Amino acid sequence: MRRLLYHPLWTHLFAFGYLLVAGWVLYGAWSRQPQMQQHIPLQFDFNGYPIREGSRYELLAIPVVMLLYLLCSVLLDELWARQERRKTFNWLSLLDELIIGVMVGLLWGYLVAYFTKGFDKMIFHLPWTTMLLAAGVAVAGAAVLELLRPWNPYPDRMEGEDAAAIRQEIAQRVRLRERWVHWEAQNNAWINAAMIIASAVMLTGAVLSYKLEPLAAAMLVVSAVAVVLLLVGGMRTTVTPDRIEIRIGLIGLRIFRLPLGKIAEAKAHDFSPLREFGGYGIRWNGKTTAFFFRGNRGVLLRTVAGKQYLIGSDRPQRLAAVIGAAKEQ
Amino acid sequence: MLISIDEGDPRPLYAQIAADIKEQIRAGALQPGDELPSVRELADSLAINLHTVHHAYRQLREQGIIRLRLGRRARVAPLRGQPASRDVVEVQLVGRLNEIITEAYHLGLTAEDFRALVDELLAKGKDER
Chain A
1 MRRLLYHPLW THLFAFGYLL VAGWVLYGAW SRQPQMQQHI PLQFDFNGYP
51 IREGSRYELL AIPVVMLLYL LCSVLLDELW ARQERRKTFN WLSLLDELII
101 GVMVGLLWGY LVAYFTKGFD KMIFHLPWTT MLLAAGVAVA GAAVLELLRP
151 WNPYPDRMEG EDAAAIRQEI AQRVRLRERW VHWEAQNNAW INAAMIIASA
201 VMLTGAVLSY KLEPLAAAML VVSAVAVVLL LVGGMRTTVT PDRIEIRIGL
251 IGLRIFRLPL GKIAEAKAHD FSPLREFGGY GIRWNGKTTA FFFRGNRGVL
301 LRTVAGKQYL IGSDRPQRLA AVIGAAKEQ
Chain B
330 MLISIDEGDP RPLYAQIAAD IKEQIRAGAL QPGDELPSVR ELADSLAINL
380 HTVHHAYRQL REQGIIRLRL GRRARVAPLR GQPASRDVVE VQLVGRLNEI
430 ITEAYHLGLT AEDFRALVDE LLAKGKDER
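Residue numbers (the numbering used here), protein chains in the order written: chain A, 1 to 329; chain B, 330 to 458.
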């Protein structure tokens, strides 16, 4: 049974709590109208004297940044949890509590300085003690919650599958049937959404700038269309009796094609996207050309000419079995 | 997802594709929410007509097995929570079951043999899931 979240939200309890505290403290400060003026000092020099004033609503940037950071952290922790093969301690999950704790301490220190010394005499130094205390409590609490969180295996990881049984079943079907195709996709909804938003931003920029910079506007339109056509729709891997192919984007642009006869070996392979390839997408690390949009598993192909390709797959054992069976056919 | 067709199979091609997808959902190789290839991609890979694949997908959609929306890729629908009504079972299953029972009779299987065979296949399907 699939779950929505494999890294439970309650592990971020301290970060959520601090966010609420920041909102509540800001609301409380603003509601003290006479004391908190519309314009307040916002930037200070090394000696703590104000060098810039701004609207008091600029303080809202702190909880907004905290919220964005928290959402990113929830997403990253979820990606981590989906890659886990056993329960591990995710140190990165403490980062949001650290940052949010520091920001809450900063906000608190600022408001205390503002209300105790007043607008005119305000001198502000970073409240290190408050910041470290707030961050320390949050990180310690989050560490306990991270230890307590349950581990649920992500179904696509197929740890329990019997590789030999898969190979046998697939070999039988491949031998018996005249035409066949193995198809799989790596298509993340959030990447599609991000690409559509990026494309919309580029189109808006083009509309706003076409009178002043028509060439730049045209380039933005071309880029927006290219982003949608090539980066929305994910990556699809197809194996047929004679070849393996990879296509990307809405238009299904073919970025890789290899006749099965040229493959010397195909095996399921675990890898580290960041350490070995520096990220996701189409990558080359000097030895292997890799194609993957998510995860850290795939099939390593070694050709008879000695080249290496890594095809990202959510079910690498199955993909390797299909290639193996097709080669034997 | 492995989809195969065979010209020697007496079933039409669209029925073979639909049966393959259903079988893989039953075996757990395809999960609810999993994406299916576009009609064009599948037709290209199998070297068959677009309409054949479209026919298969339409049949699966009518049976509530996949979700097919204009402009979006087909996806495996959530599994049925409750058994289908008796009328649907009559239409989709009973006629074909009778044919299979008749075939089994002519192959010399007794009712006990037939039940044992069905139990064995059901148990295998359960293991696979």
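Just so you know, even glycine gets a beta-carbon here, dropped at the ideal spot from N, CA and C. No experiment lies behind these values; they were computed from the predicted model shown.
Using the three-state DSSP reduction, which class does residue i fall into: helix, strand or coil?
i: G160 (chain A); result: Bear in mind that the predicted position of G160 (chain A) carries a pLDDT of just 48, short of 50, making it too unreliable to give a figure here.
i: W151 (chain A); result: coil
i: Q421 (chain B); result: helix
i: T289 (chain A); result: strand
i: V304 (chain A); result: coil
i: K267 (chain A); result: strand
i: S367 (chain B); result: coil
i: V239 (chain A); result: strand
i: F277 (chain A); result: helix
i: F124 (chain A); result: coil
i: E178 (chain A); result: coil
i: F89 (chain A); result: coil
Beta-carbon separation of residue i and residue j under 8 Å?
i: A22 (chain A); j: M66 (chain A); result: yes
i: S199 (chain A); j: A224 (chain A); result: yes
i: W180 (chain A); j: P366 (chain B); result: no
i: D270 (chain A); j: R297 (chain A); result: yes
i: V299 (chain A); j: K327 (chain A); result: no
i: G205 (chain A); j: V232 (chain A); result: no
i: L9 (chain A); j: V74 (chain A); result: yes
i: R275 (chain A); j: L258 (chain A); result: no
i: S414 (chain B); j: T238 (chain A); result: no
i: R294 (chain A); j: N188 (chain A); result: yes
i: A385 (chain B); j: A347 (chain B); result: yes
i: V222 (chain A); j: M195 (chain A); result: no
i: A171 (chain A); j: A325 (chain A); result: yes
i: A135 (chain A); j: V112 (chain A); result: no
Below 7 Å CB to CB, which residues in the same chain sit around residue i once its five sequence neighbours on both sides are set aside?
i: K287 (chain A); result: Q308
i: T130 (chain A); result: G105, W108 and G109
i: L253 (chain A); result: L230 and R247
i: E78 (chain A); result: L5, Y6 and H7
i: R82 (chain A); result: Y6 and Y154
i: C72 (chain A); result: none
Within a Cβ cutoff of 8 Å, which residues of the same chain sit near residue i, ignoring the five residues on either side of it in sequence?
i: L70 (chain A); result: H12, A15, F16, L19, D96 and I100
i: V418 (chain B); result: P412
i: K262 (chain A); result: T303, V304 and A305
i: L382 (chain A); result: This structure does not reach residue 382 (chain A), given that chain A is present from 1 up to 329, and the question cannot be answered.
i: I430 (chain B); result: F443
I believe residue i touches residue j by the beta-carbon criterion, under 8 Å. Please report the beta-carbon distance rounded to the nearest angstrom.
i: I323 (chain A); j: F291 (chain A); result: No, I323 (chain A) and F291 (chain A) are not in contact; Cβ-Cβ is about 15 Å, not under 8 Å.
i: H334 (chain B); j: R177 (chain A); result: Per the sequence shown, residue 334 (chain B) should be read as Ile rather than His. About 7 Å separates the two Cβ atoms, so the contact holds.
i: L331 (chain B); j: R315 (chain A); result: At roughly 11 Å, the Cβ-Cβ gap does not stay under 8 Å, so L331 (chain B) and R315 (chain A) are not in contact.
i: L59 (chain A); j: L26 (chain A); result: 6 Å
i: I123 (chain A); j: G48 (chain A); result: 4 Å
i: L371 (chain B); j: V382 (chain B); result: 5 Å
By Cβ distance, which residues of its chain are closer than 6 Å to residue i, with the 5 residues on each side in sequence left out?
i: R52 (chain A); result: L42 and Q43
i: R167 (chain A); result: A321
i: T240 (chain A); result: V181
i: Q392 (chain B); result: none
i: A142 (chain A); result: F14, L94 and E97
Under 7 Å from any heavy atom of the ligand SAH, does the C-beta of residue i make it?
i: D335 (chain B); result: This structure lacks the ligand SAH; in fact it carries no ligand of any kind.
Near-chain B residues of the stretch 163-186 of chain A - C-beta to any C-beta below 7 Å: I170, R173, R177, E178, R179, W180, V181, H182, W183, E184 and A185
Members of the stretch 250-276 of chain A near chain B, C-beta cut-off 7 Å: G252
Short-range partners of chain B found in the stretch 235-248 of chain A, where Cβ spacing is below 8 Å: R236, T238, T240 and R247
Chain B contacts made by the stretch 294-323 of chain A, where a contact means CB separation under 9 Å: R315, R318 and V322
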